[in-house]
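Residues are numbered in my numbering as their position in the sequence shown, beginning at 1, plus a constant of 2.
Note that beta-carbon positions come from the ideal geometry of N, C-alpha and C, so glycine has one too.
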Amino acid sequence: MLRFSAPSKIEVQQFLSRQTSAAYSYPDVGASAISPPSGYNVDHNRVLLGSGEGTWRRAVLAVHQWKMFEMPRVTLFWPTTLIAVGTDVAILVRVLGFYWLNACRITYVIDDDGPICRFGFAYGTLAEHAETGEERFSVEWNRSNDQVSYDILAFSRPHQALAKLGYPIARILQRRFAIDSIRAMQKAVGCVRENTS
Numbered sequence: 003m004l005r006f007s008a009p010s011k012i013e014v015q016q017f018l019s020r021q022t023s024a025a026y027s028y029p030d031v032g033a034s035a036i037s038p039p040s041g042y043n044v045d046h047n048r049v050l051l052g053s054g055e056g057t058w059r060r061a062v063l064a065v066h067q068w069k070m071f072e073m074p075r076v077t078l079f080w081p082t083t084l085i086a087v088g089t090d091v092a093i094l095v096r097v098l099g100f101y102w103l104n105a106c107r108i109t110y111v112i113d114d115d116g117p118i119c120r121f122g123f124a125y126g127t128l129a130e131h132a133e134t135g136e137e138r139f140s141v142e143w144n145r146s147n148d149q150v151s152y153d154i155l156a157f158s159r160p161h162q163a164l165a166k167l168g169y170p171i172a173r174i175l176q177r178r179f180a181i182d183s184i185r186a187m188q189k190a191v192g193c194v195r196e197n198t199s
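Here you go:
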């Protein structure tokens, strides 16, 4: 939903309420848990956040609080949203003086405890999203080396006409989102590293 001004909270609530019966805009729901399907752009970014149980706990809390969305040009509605399968969220992106409100739904949640602890979730796009695809946000604590990492995996392709026309800009924005999301998580966890490999 492209706009010339930022929506009010009531408009966002109405937008989200319309998503309740909406279907996913792609057939490969949940594929980011296994292997991204062919025919999509795949973006995978991973960064070391630090080490130890304290870093792990801060990283898990940061994901629960959607800290990876605390960045310029992007607003999540709402950061208090419960991370649970079937939950809908709206993401407002400001680009070139326009506001684009996008709808996503959480497809699965990761909560593994073992030699490698993992926590996170993926959300998939609904019809009212510029792109079509899925994105996974997760943190890991490898107990064998005590390292804590943040990982983002996305597969996507343009969905709406303007996204198709502005494809090169969309790809730049996707790369920028990954970098900003990593920085937001580093800040939330108290990490000063800037490595985005």
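First and last residue of the uninterrupted alpha helix (DSSP H) at residue i
i	result
H66	55-66
V14	11-20
Residue from the options whose Cα sits closest to the Cα of residue i
i	options	result
P170	G99, L155, N43, E136	N43
P9	P81, A92, E55	A92
A269	E137, I112, M187, D114	The displayed coordinates of the chain run from 3 to 199. Any statement about residue 269 would go beyond what the structure contains.
F123	P117, G116, I112, E130	I112
F79	R59, S19, V62	S19
I108	A33, K189, A186, A190	A33
L36	F157, M187, S183, I181	It is worth fixing the name first, because residue 36 is Ile in this sequence and not Leu. For the residues F157, M187, S183, I181, the minimum Cα distance to I36 belongs to F157.
M73	N47, G192, I181, V191	I181
V210	R185, A186, V31, V191	In the structure as shown, the chain starts at 3 and stops at 199, and residue 210 therefore has no counterpart that could be examined.
H46	R185, L155, Y110	L155
L84	Y110, T134, A172	Y110
A192	Y152, D114, Q176, T82	Before going on, a small fix: residue 192 reads as Gly here, not Ala. When each option's Cα is compared against that of G192, the closest is Y152.
G41	T134, S140, A172	T134
D90	W68, G116, Y125	Y125
R96	T77, D114, P81	T77
Burial state of residue i (16 or more Cβ within 10 Å)
i	result
N147	exposed
I12	exposed
T22	exposed
R145	exposed
Q188	buried
R60	buried
S183	buried
C-beta neighbour in chain B for residue i, strict 9 Å
i	result
V65	Annotation note: the requested chain B is absent from the structure, which comprises a single protein chain.
Nearest-angstrom Cα separation, counted from residue j out to residue i
i	j	result
P160	A132	6 Å
Y26	V65	23 Å
Y150	F179	Looking at the sequence shown, residue 150 is not Tyr but Val. Taking the straight line joining both Cα atoms gives about 21 Å.
R75	L94	8 Å
I118	E142	7 Å
I174	R5	20 Å
V49	L128	28 Å
F121	F100	34 Å
A186	L51	11 Å
P29	E130	15 Å
L103	T57	33 Å
V62	L98	33 Å
S140	F17	27 Å
P38	Q15	31 Å
G54	W68	21 Å
Where the beta strand (DSSP E) through residue i begins and ends
i	result
R145	Run containing R145: none; DSSP gives neither H nor E here.
Y110	100-114
G122	118-127
R96	90-97
L78	76-79
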